[in-house]
Every structure is written in C-alpha cells, then in structure tokens.
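Some notes on the structure that comes next.
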Amino acid sequence: MDMNKMMKQVQKMQAELAKAQEELAQAVVEGSSGGGAVKVEFTGPEVSKVSIDPEAVDPEDPSMLEDLLRAA
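Here the sequence shown is numbered in the numbering used here, starting from 18 and rising by one per residue.
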C-alpha cells in the first residue's frame, strides 16, 4: 500500500470518527427505575432531564430515592 493511499484512508477514518462523536453528542438516552417512578434523560454526556414521581419520595427513607436515581 502506498503512502498516499494510506494517508487518505487515515483521513477518511478521522472524518468518520468526528461524525460519530458529533452524533453521540446529540443522542438522547433515557433510563428509568422503580417501574418508571424515576426517569433520567441524557443528551450526549449531560443529564438533560430528571423526573421523579412524588410517590417515590419517602422522607423517612432518602436512601431509597438515591438507589432509584442510581438505578435509572
């Protein structure tokens, strides 16, 4: 394989990687736990939305809500 061909292939791979990273940055992913009582939405690497059903909040057991958030 000649050097020019190899360089073009590397440039193509870099462009494809940049495109994939851009798409991932825009991807929306949602996780939930507790039968949907807690939902967390991510846009790219950022948390964009957190939804908590008031029934999931027990002032006497805050660790339960913490566990539901971690599981989501």
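We put the CB at the ideal spot given by N, CA and C, even for glycine. Treat the numbers as computed from the prediction; the structure is a model and nothing was measured.
Exercise for the section: Go ahead and pull the three-state DSSP assignment for E83. Expected result: helix
Exercise for the section: Assess, as a yes-or-no matter, whether the stretch 56-64 is touched by the stretch 36-48 under the definition of 3 or more beta carbon pairs within less than 8 Å. Expected result: Touching, per the Cβ criterion.
Exercise for the section: Determine the closest residue to V64 out of L86, Q26, V74, with distance taken between C-alpha atoms. Expected result: L86
Practice task
For I69, collect the residues of the same chain with a Cβ closer than 6 Å to its Cβ; drop the 5 residues on either side in sequence, then sort them by chain order.
Solution key: V55
Exercise for the section: Determine the direct distance from the alpha carbon of E40 to that of A32, and round the result to whole angstroms. Expected result: 12 Å
Problem - Cβ-based burial, A89 [other Cβ within 10 Å; buried from 16] - result: buried
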